[in-house]
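The structure appears right after this line, and notes come after that.
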Amino acid sequence: MAIDEPRYVVVRTYDVFEVRRYDAYLVAETTVRAAAEDAGNKGFSALAGYIFGGNKGARKIEMTAPVAQTPIKIAMTAPVTQSASSGAYVVQFAMPAEWTLESLPEPVDASVTLRSMPARTLAVIRYSGTWSQSRYDEHLKKLQDALAQAGLRWHGEPVWARFDPPWTLWFLRRNEIWLALD
Numbered sequence: 002m003a004i005d006e007p008r009y010v011v012v013r014t015y016d017v018f019e020v021r022r023y024d025a026y027l028v029a030e031t032t033v034r035a036a037a038e039d040a041g042n043k044g045f046s047a048l049a050g051y052i053f054g055g056n057k058g059a060r061k062i063e064m065t066a067p068v069a070q071t072p073i074k075i076a077m078t079a080p081v082t083q084s085a086s087s088g089a090y091v092v093q094f095a096m097p098a099e100w101t102l103e104s105l106p107e108p109v110d111a112s113v114t115l116r117s118m119p120a121r122t123l124a125v126i127r128y129s130g131t132w133s134q135s136r137y138d139e140h141l142k143k144l145q146d147a148l149a150q151a152g153l154r155w156h157g158e159p160v161w162a163r164f165d166p167p168w169t170l171w172f173l174r175r176n177e178i179w180l181a182l183d
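Numbering (the working numbering), first residue to last: 2 to 183.
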């Protein structure tokens, strides 16, 4: 499939991962409460509604890749710590590069918001296969271990990026995990 993705440059390639410098880009996003394996599908529904005309002006917007999913952190009290909230995720679609925040139509669904993602440097591990939590956990640990071995530090929550539609054969699916580098 030849669809747009956020623009990036590969800065360095390691055995397990690569470091990419992403340009700033726009996203439509929604927050969903669901298990990690179900959050992408639930978020996809609201976001697909937006790009397929569920917006003021009923304008259609081209599909892009990936569908990105990030757990939400919430502040806890006594003591103040950070912890992933149970089953809350932000799901995002990148918007095609020709749009601006001013030109994107306003979502009809109040759960869909538009925002700009800043330029950033990410460590990325790529893998194929199913969209299971166990495969995600396995590759996240592999990425974190490889980053530690390379002496690279990261911050924030990992982003689970899925590039293919659900009807793609599981062994052909492109999946990535992104971690923001310090």
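Think of the CB as a built atom: it goes at the ideal place given N, C-alpha and C, for glycine as much as any other residue.
At a cut-off of 4 residues, the continuous stretches assigned as alpha helix (DSSP H) that sit fully inside the region 129-159 are 134-151. Between Pro119 and Ala29, the beta carbon gap of about 17 Å keeps them out of contact (Cβ cut-off 8 Å).
Counting along the chain, Leu27 sits inside the beta strand (DSSP E) bounded by residues Tyr26 to Arg34. The closest CA to that of Gly88, considering only Glu19, Ala37, Glu158 and Trp171, is found on Ala37. Gly50 carries a helical assignment under DSSP once its states are collapsed to helix, strand and coil.
Straight across, the Cα-Cα distance linking Pro166 with Arg34 is about 21 Å. Across the structure, Trp171 and Ser104 are spaced so that their CA atoms are roughly 36 Å apart. For the pair Pro97 and Pro7, the Cα-to-Cα distance works out to about 8 Å. Around the beta carbon of Gly41, 16 or more other beta carbons sit within 10 angstroms, so the residue counts as buried. Cβ atoms of Ala181 and Gly157 come within 8 Å of each other, at about 5 Å. Residue burial annotation: Phe53 is exposed, with fewer than 16 other C-beta atoms found within 10 angstroms of its C-beta. Assignment of Gly41 by DSSP, reduced to helix, strand and coil, places it in the helix class.
Counting only unbroken stretches of 3 or more residues, the beta strand (DSSP E) elements lying wholly within the region 99-129 are 114-118 and 121-129, in sequence order.
If you compare the alpha carbons of Asp16, Tyr23 and Ser46 with that of Val10, the shortest gap goes to Tyr23. Take the alpha-carbon of Leu102 and the one of Val20: they are about 27 Å apart.
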